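Here's the structure, in structure tokens; my notes come after.
Protein chains: 2
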Amino acid sequence: MNVFRASENPIITPADVTPSRPDFETIGVFNAGVARYNDTVILLLRVAERPLAPDERTCVVPMYDAGANRLVTREFDLSDPRFDFSDPRSVQGPSAVYLTSLSYLRIARSRDGVHFEIDDAPALFPDNIYEAYGIEDPRISVIGGRYYVNYSAVSSLGVATALASTEDFVTFQRHGIILPPDNKDVAIFPEKIQGRYYALHRPSTSALGRPEIWLAESPDLLCWGHHRRVIGLRPDSWESARIGGGAVPFRIDQGWVEIYHGADTENRYCLGAVLLDADEPWKVIARSRQPILEPQAPYECEGFFGDVVFSCGALYEEKTVKIYYGVADTSMAYAEIAIDELLNSLTEA
Amino acid sequence: MNVFRASENPIITPADVTPSRPDFETIGVFNAGVARYNDTVILLLRVAERPLAPDERTCVVPMYDAGANRLVTREFDLSDPRFDFSDPRSVQGPSAVYLTSLSYLRIARSRDGVHFEIDDAPALFPDNIYEAYGIEDPRISVIGGRYYVNYSAVSSLGVATALASTEDFVTFQRHGIILPPDNKDVAIFPEKIQGRYYALHRPSTSALGRPEIWLAESPDLLCWGHHRRVIGLRPDSWESARIGGGAVPFRIDQGWVEIYHGADTENRYCLGAVLLDADEPWKVIARSRQPILEPQAPYECEGFFGDVVFSCGALYEEKTVKIYYGVADTSMAYAEIAIDELLNSLTEA
């Protein structure tokens with residue numbers, strides 16, 4: 001299967017994104033949702049920022065204080081034995097976990113789909129207790145002319161999925177938490193199927209279960225039920241440890257195509273594809289045996305968290321799957337795959 | 350506050366419940382849902398059974414095989430170093446966790462609320478992949494003359510919450526998974542509030558969050574959204590480690606009364622009470638500072654998993670809260686508390 005990575009890759013890097021305040025630095029711009037809006041391709045970028053540390057012995061973590069309605073920071077001495085700093089993404093304390101960066105959403109616009117202009121101001125910034133640690137990994141579903149954005153709302157209460165919507169990418173309306181923690185990797189189908197909305201989601205269980213892909217139904221996009229596990233892990237494979245929904249599914253004659261991610265026990269994240277039944281999307285018709293895209297380019301292998309390709313959005317246009325994907329939790333990249341080649345690579349479920 | 354425990358306590362014990370098959374033994378009958386049905390009090394008992402072990406070196410775990418539509422068992426050598434048998438409730442393997450017993454629901458009926466006759470056959474038994482490890486901790490909400498039963502559906506896919514309903518406690522209809530894993534301790538309010546159904550629930554998060562009580566809304570009892578965290582843990586208290594909804598809330602003039610459970614880091618489970626606003630049940634008006642019921646009697650302190658009192662149902666009749674509660678994950682007990690005394694024990698939130 002031919003995967004055409006853009007020669008401009010990575011198409012957006014942290015150096016392209018001025019931080020939202022001078023005492024912070026941009027460490028990541030990745031895992032963007034995507035939509036076509038009039039003549040432009042819009043990326044809803046996940047921008048990760050962190051406070052500049054005063055010295056090498058200090059870790060400063062940011063968080064949103066909903067009561068005070070502002071960002072606050074907390075300093076940790078890296079030699080403090082009560083805290084574990086081994087994961088660059090978090091600080092593990094005796095009674096709480098903190099994130100070393102805070103993410104929010106920012107818009108980038110492009111005419112050609114590869115060269116983007118980035119808005120100066122955030123589009124969606126944390127504004128309640130469920131978003132105190134940030135807003136992550138948006139997906140955009142276009143439903144009835146309105147753009148619905150679901151994202152991970154992260155806080156000390158867990159990782160929940162929230163919904164917002166917009167008609168113009170200027171004004172956004174928030175719709176609250178649609179799936180309780182921990183649940184991420186939600187991808188809402190862009191149209192009703194037999195009168196019901198559907199979404200892929202990925203509950204994280206604490207003891208018995210494993211991180212796999214479930215399907216839910218809804219009458220109104222806000223309340224979700226009829227949960228079913230639809231796509232499981234595959235032992236001893238690139239998707240042996242966790243899988244989750246990626247891009248918003250798109251419809252072709254044969255059914256629904258979902259670009260999803262899988263990771264192995266080494267935390268190497270790849271992309272796969274699955275074909276779901278057109279009318280009964282809980283039925284898997286065919287699925288990747290090998291990844292359709294895996295970390296190979298230097299910008300995919302090296303970065304804040306290396307060996308990661310992770311998509312939150314793709315456009316299906318002119319028989320081509322145009323995949324926007326985060327690389328190494330650091331930057332954005334772009335690749336194209338012909339739909340026929342992608343379908344031919346799938347094997348029966 | 351005066352708590353009147355029944356002199357007959359425990360009112361139902363494993364010795365009262367013949368196992369569903371001769372090669373199994375009943376090890377627990379606890380955490381029953383309760384409803385008044387015509388002139389009788391109905392308990393929907395959680396019955397836990399396990400296969401008889403052939404010898405002292407073997408642990409046999411039961412599970413429901415949905416493909417074959419029957420119970421199967423698996424034997425473990427207790428000296429096998431790949432498995433951890435230290436928790437009597439589970440077997441922890443390198444790639445999976447098994448439960449040492451399988452629970453299902455069985456009906457008990459009483460005229461006086463204390464002396465019960467137990468049905469010979471199960472009322473609800475595992476019948477799909479989400480219930481392979483059992484059905485646990487039912488709550489019964491009477492809505493529009495129909496009895497809605499939510500319960501924990503336990504399997505290797507996690508602990509999800511399922512819904513069933515009945516009009517006669519003879520025929521039950523299943524409504525699928527209403528909250529994805531891990532989520533338990535769900536208590537559905539018995540009537541609509543301002544046109545919406547509400548339920549308390551307890552998502553279990555894997556990393557950032559803690560086991561606390563959330564509230565959800567629904568248009569139809571099947572799909573749930575607008576999730577909010579409403580009751581949090583209290584550090585350094587009897588409810589410092591986890592809390593969860595218990596009995597179905599009941600309405601008094603001042604609002605909704607919820608009997609919930611809390612546990613400390615020693616896994617000692619107590620009952621508390623909370624008063625929620627009548628029209629805006631996400632607002633906590635008052636809450637127990639001390640437990641309203643804690644493990645003190647021998648049958649509460651000793652058993653399969655000691656130091657546990659845990660309620661899935663209470664009746665509010667004649668100004669009295671009639672609490673049915675599981676003790677030590679082994680038996681059922683009953684206690685009464687006058688509503689005025691209970692309310693006086695609560696302090697402002």
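Chains as they are written, first to last, in my numbering: chain A, 1 to 349; chain B, 350 to 698.
Glycine is no exception: its CB is placed at the ideal position from the N, C-alpha and C atoms.
These figures come from a predicted structure and were not determined experimentally.
Taking a Cβ-Cβ cut-off of 9 Å, Ile-601 of chain B has no neighbours in chain A, whose nearest Cβ is about 28 Å from it.
Shortest Cα-Cα distance from Glu-405 of chain B to any of B:Leu-427, B:Leu-473, B:Pro-530 involves B:Leu-427. Looking only at A:Phe-169, A:Tyr-147, A:Tyr-133, the smallest Cα-Cα distance to Pro-122 of chain A is reached by A:Phe-169. Residues of chain B whose Cβ lies closer than 9 Å to the Cβ of Asn-183 of chain A are, in chain order, Pro-529, Pro-552. Residues of the stretch 584 to 610 of chain B that bring their beta carbon within less than 9 Å of a beta carbon in chain A comprise Pro-584, in sequence order.
By the rule that beta-carbons nearer than 8 Å mark a contact, Cys-223 of chain A touches chain B. Residues of the stretch 152 to 171 of chain A with a Cβ closer than 8 Å to any Cβ of chain B, in chain order: Val-154, Ser-155, Ser-156, Leu-157, Gly-158, Val-159, Ala-160. In the displayed model, Ala-66 of chain A falls within coil according to three-state DSSP, outside both helix and strand. Leu-582 of chain B is bridged by DSSP to nothing; it lacks a bridge partner. Going by beta carbons, Ala-335 of chain A and Arg-5 of chain A fall inside the 8 Å limit. The beta carbon of Gly-558 of chain B sits closer than 8 Å to some beta carbon of chain A. Among the residues of chain A, those whose CB is under 8 Å from the CB of Pro-568 of chain B are Pro-219, Asp-220, Cys-223, following chain order.
Collapsing the DSSP output to three states places Asp-253 of chain A in coil. Taking C-beta separations shorter than 8 Å and ignoring five residues to either side along the sequence, the partners of Ala-297 of chain A in its chain run Arg-5, Asn-9, Val-327, Ala-333, following chain order. Within chain A, the C-beta atoms nearer than 7 Å to that of Arg-578 of chain B come from Leu-157, in chain order. Comparing alpha carbon positions, the residue from B:Glu-374, B:Pro-400, B:Cys-408, B:Ile-456 closest to Thr-389 of chain B is B:Ile-456. When only Cα atoms are considered, Glu-697 of chain B and Ile-634 of chain B end up about 6 Å apart. For Glu-398 of chain B, the enclosing beta strand (DSSP E) stretches over residues 389 to 400. Put simply, the stretch 475 to 482 of chain B touches the stretch 494 to 508 of chain B. At least three CB pairs are less than 8 Å apart. In the three-state scheme derived from DSSP, where H, G and I count as helix and E and B as strand, Leu-691 of chain B is classed as helix.
For Glu-25 of chain A, the uninterrupted beta strand (DSSP E) run begins and ends at 24 to 37, by DSSP. Residues of the same chain with a CB within less than 8 Å of the CB of Asp-279 of chain A, apart from the 5 flanking positions on each side, are Ile-193, Gln-194 in chain order. By the CB criterion at 8 Å, Ser-660 of chain B and Ile-580 of chain B fall outside the cutoff.
Contact between Ile-243 of chain A and Pro-211 of chain A holds, since their C-beta atoms are separated by about 7 Å, short of 8 Å. Using a CB distance below 7 Å, the part of the stretch 72 to 104 of chain A facing chain B consists of Val-97, ordered along the chain. Among the residues facing chain A, Gly-525 of chain B is included, as its CB has a counterpart in that chain under 8 Å away. Counting the other Cβ atoms within 10 Å of the Cβ of Leu-52 of chain A gives fewer than 16, which makes it exposed. Between the stretch 291 to 305 of chain A and the stretch 210 to 226 of chain A, the count of C-beta pairs closer than 8 Å stays below three; the two stretches do not touch. Taking a C-beta distance under 8 Å as the contact criterion, Thr-614 of chain B and Ser-589 of chain B qualify as a contact pair.
The residue among A:Ile-188, A:Asn-69, A:Cys-270 with its C-alpha nearest the C-alpha of Ile-143 of chain A is A:Ile-188. Distances from the alpha-carbon of Val-670 of chain B to those of B:Trp-631, B:Gly-621, B:Gly-483 put B:Gly-621 closest. The Cβ neighbour count for Thr-171 of chain A, taken over all protein chains shown within 10 Å, is under 16; the residue is labelled exposed. Residue range 134 to 143 is occupied by the beta strand (DSSP E) that includes Glu-136 of chain A.
For the set B:His-524, B:Asp-469, B:Arg-423, the Cα lying nearest the Cα of Thr-407 of chain B is the one of B:Arg-423.
Under the DSSP definition of a beta bridge, Ile-672 of chain B partners with B:Ala-663, B:Ala-684.
Here Asn-616 of chain B is not bridged, per DSSP, to any residue.
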